[in-house]
Amino acid sequence: MLTSLARAAELIRDGGLVAFPTETVYGLGANALDAAAVAKIFALKGRPSTSPLIVHVASIDMARRYVAEWPREAEELARRYWPGPLTLVLPKSPEIPDIVTAGLPTLGIRVPAHPIALQLIEQSGVPIAAPSANRFTHLSPTTADHVREEFGDAVEILDGGPTQVGIESTVVSLVGGKLTLLRPGMISLGEIEKATSPEGPHPAPGMHERHYSPRTRLLLVDGPKQLPDRNGAYVWCNEAGLSSRSIRMPSDPTGYAARLYSVLHQLDDEHWPWIAVESPPDKPEWAAILDRLRRARS
Ligand code: TXA
Ligand code: MG
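As numbered in our numbering, residues 332 to 629 make up the sequence shown, in order.
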């Protein structure tokens, strides 16, 4: 069910859950300082307790309250990209309950670039822990409808229309003076490295391989020749093919990312035997999209 900002802020303060829009995807939020409230997020999503949550704050000053260190790189990146789709991982302050970070000594934190998200944080007066508002391993939601399809009446939803960026934030760790890319996003590692002092990239730690998946079998193909048959949905950019359903995607990565989850949600609802996606170019500006498609692949 849809809710108002005032009611949503009250729910957060009272230890409840609220789904809200950010510029990337919709989040399932709770007061990050309230361990019992955060436990409700894990329960509703069916998320393993080993998977840490991102905390959303309204300003750089607010972020600094919840981390134990604020290195120069954090200041540079936050000034340049916040509010925006960049999550910084830093040593956490003791005020953040362990359940939020899955017991890790570090915290992922960001200032989202969405007026409703910022107003929700400001009006509730607390940092908001929020993963994407979908069940574990399912596709992330980019509209209020996607959230409703996933959770029905189990959660109140703030509707901010379709999200702008369309895929999840870039996650970088600044722990131990090293810059490590943990999850690619539309802000690329190259841009981030340019915005900070030169320090080479480090290998990303293991992430769940299959993630962000539609229910329908999803194939990544090089072109229409690799379609299994004609009776499925083909999502393409360069080369059209013969299939029952065909969706042409924007040819620029920004436009593509903004549409991707919405198209996959829609095709999933149409119950095709398969969804085939033409592989986007193997270029840095497509890296985050390729990452999500590889994880979505069956
Ligand atoms: O765009 C986004 O980031 C969205 C919106 C709602 O802000 N949130 C999101 O949350 O995608 P979630 O829970 O679906 O993904 C969180 C990612 C996970 O891959 C997790 O491993 C990483 O952030 N993460 C969070 N805290 C971390 C930490 N302390 N150390 C390492 N990785 C962390
Ligand atoms: Mg997620």
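We treat Cβ as the ideally placed atom computed from N, Cα and C, and that holds for glycine. Values in this document were obtained by computation on a predicted structure and should not be read as measured data.
- Boundaries for residue 577: no alpha helix (DSSP H) harbours it, while the beta strand (DSSP E) harbouring it runs 576–579, taken from the DSSP string.
- It is roughly 26 Å from the alpha-carbon of residue 517 to the alpha-carbon of residue 361.
- Looking at the backbone, the Cα of residue 410 and that of residue 390 are separated by about 10 Å.
- Here the alpha carbons of residue 590 and residue 355 stand approximately 11 Å from one another.
- Distances between the C-beta of residue 596 and the heavy atoms of the ligand TXA are all 7 Å or more.
- Distances between the C-beta of residue 390 and the heavy atoms of the ligand MG are all 7 Å or more.
- Less than 8 Å separates the beta-carbon of residue 487 from that of residue 342.
- For residue 409, the CB stays at least 7 Å from every heavy atom of the ligand TXA.
- In this structure, the CA atom of residue 558 is about 16 Å from the CA atom of residue 611.
- In the DSSP assignment, residue 426 falls outside any beta strand (DSSP E), carrying neither H nor E.
- The Cβ-Cβ distance between residue 623 and residue 523 does not fall below 8 Å.
- Under the three-pair Cβ rule at 8 Å, the region 504–516 does not count as touching the region 591–606.
- Annotation: the continuous beta strand (DSSP E) that includes residue 351 extends over 349–351.
- Look at residue 510 here: in three-state DSSP terms it is coil, with no helix or strand label.
- Remark: C-beta atoms of residue 385 and residue 437 do not approach each other more closely than 8 Å.
- Secondary structure at residue 358: strand, using DSSP grouped into helix, strand and coil.
- Per the Cβ contact rule, the region 441–451 is not in contact with the region 562–577 (fewer than 3 Cβ pairs under 8 Å).
- Here the alpha carbons of residue 628 and residue 470 stand approximately 12 Å from one another.
- Between residue 455 and residue 340, the CB-CB gap stays under 8 Å.
- Per DSSP, the continuous alpha helix (DSSP H) segment holding residue 477 begins and ends at 475–482.
- The residues 422 and 424, in chain order, have a CB closer than 6 Å to that of residue 399 in the same chain once the five nearest residues on each side in sequence are set aside.
- Distance from the C-beta of residue 394 to the nearest heavy atom of the ligand TXA is not below 7 Å.
- Bridge partners of residue 387 according to DSSP: 441 and 459.
- Not a single heavy atom of the ligand MG lies less than 7 Å from the C-beta of residue 480.
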